[in-house]
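Going left to right, the sequence shown walks through residues 36 to 380 as this note's numbering numbers them.
Working notes, beginning with the structure itself.
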Amino acid sequence: MTAFVDVRNMVRWTAETGPERIIAGMSRYVEDDFRRWESFDKIARVGSHTPWGVIELMPTSDGETYAFKYVNGHPSNPARGFQTVSAFGALADVSNGYPVFLAEMTLLTALRTAATSAMVARLLARPDSRRLALIGAGSQAEFQALGMRGALGVNDVAVWDTDPAAMAKLVRNLEPLGFDVTVASSGREAVRGADVVTTCTADKARATVLQADWIEPGMHLNAIGGDCPGKTELDPTILLREDVEVFVEFPPQTRIEGEIQAMPADFPVTELWQVLTGRAAGRTSAAQVTLFDSVGFAVEDLSALRYVRDAVAGTPWVDDIDLVAEPDDPKDLFGMVAAFTPIPS
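Here it is in structure tokens:
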């Protein structure tokens, strides 16, 4: 049998446990897996791009457990009543190839992305960071705020979005959780005085939602919206500033999908796993600007799936499903259906 967490149980588990607690715990799993980065098979995700959006497969394996995620990104979906992102994923036993865990990952991807942002903020942001600016108030925004509070103690949030209803939604969701939320009149106003700036917009375009002259010394920039070819969020000159250091997950994927996609192939970046293992420096001064060029990588999905699998084991939030055919004789698959095959007259 394969353990399965459907949408209903994922929602119940998240609500009962608390998303902030889950993001904090999941970020530790992500960190643990980045520390053993060299043990994973790694390839850039496989994408199928259309005028409507992209559908992607994200696989990885550590030699014992195989994981994959199916995920889409369709920016025009909300106007048609659909989620921008939908996803599901699985873990399999490498020794026999059997799937052992299957889960919805639309909600889980939001938790995972925030968990990764939190892990990176602990690593790169100034420890005294207290103010978060959100450029983009869509589906990911609240999760990002919870992740930053868990990582840094941030409670003061400024937000800017071109959609006033999205900003009102964010205020409605975050203020009861103890956040002090300011609705800014522009992106510049939101960013002014922030310690951490998260960009999380959905449009598949080479947009510029963060300008170079808005950047202040010591900021940590968490750019999570540029996640496919032809989609960026930052003024490219930000990456060229002398005080900016760019950190990435997996360079072969980030150079295709991230903010650095328009940069030369030899544009210098630092891999996060190298910082975590002491092979490269992270933040080197209080005035340095750190930039996480986040695109999302399969290892993070494996981390998230492992976390959920462990958290829901033995609880009412997981079901067993009969996903793999197992005939009495492993060599006689046809025997399972032969008894139902009509006999010619």
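All C-beta atoms in this analysis are idealised placements derived from N, C-alpha and C, irrespective of residue type, glycine included.
| Item | Value |
| --- | --- |
| Considering only heavy atoms of the ligand FMN, does any lie closer than 6 Å to the CB of Asp230? | The model on display carries no ligand, and the ligand FMN is accordingly not part of it. |
| Measuring CB atoms only, is the segment 234 to 243 touching the segment 254 to 268, in the sense that at least three cross pairs come out at less than 8 Å? | yes |
| Helix, strand or coil, according to DSSP, for Ala79 in the structure here? | coil |
| Which of the three DSSP states, helix, strand or coil, is assigned to Glu51? | helix |
| Can you tell me whether Gln118 is buried or exposed, with buried defined as 16 or more other CB within 10 angstroms of its CB? | exposed |
| Suppose you measure from the CA of Asn190 to the CA of Ala360; what does that come to, to the nearest Å? | 51 Å |
| Out of Ser174, Lys204, Arg314, point me to the one whose CA is closest to Asn112's CA. | Ser174 |
| To the nearest angstrom, report how far apart Val226 and Thr197 are at their CA atoms. | 15 Å |
| Take Leu326 as the anchor and find which of Asp41, Glu251, Ile291 has the nearest alpha-carbon. | Glu251 |
| Going by DSSP, what residue range makes up the alpha helix (DSSP H) through Val226? | 222 to 226 |
| Looking at Ala149: is its Cβ nearer than 7 Å to the Cβ of Val40? | no |
| Am I right that Asp230 and Arg166 are in contact with their C-beta atoms under 8 Å? What's the rounded C-beta distance? | 5 Å |
| Report all residues from its chain with a CB closer than 8 Å to the CB of Asp363; omit the five preceding and five following residues, and keep chain order. | Gly370 |
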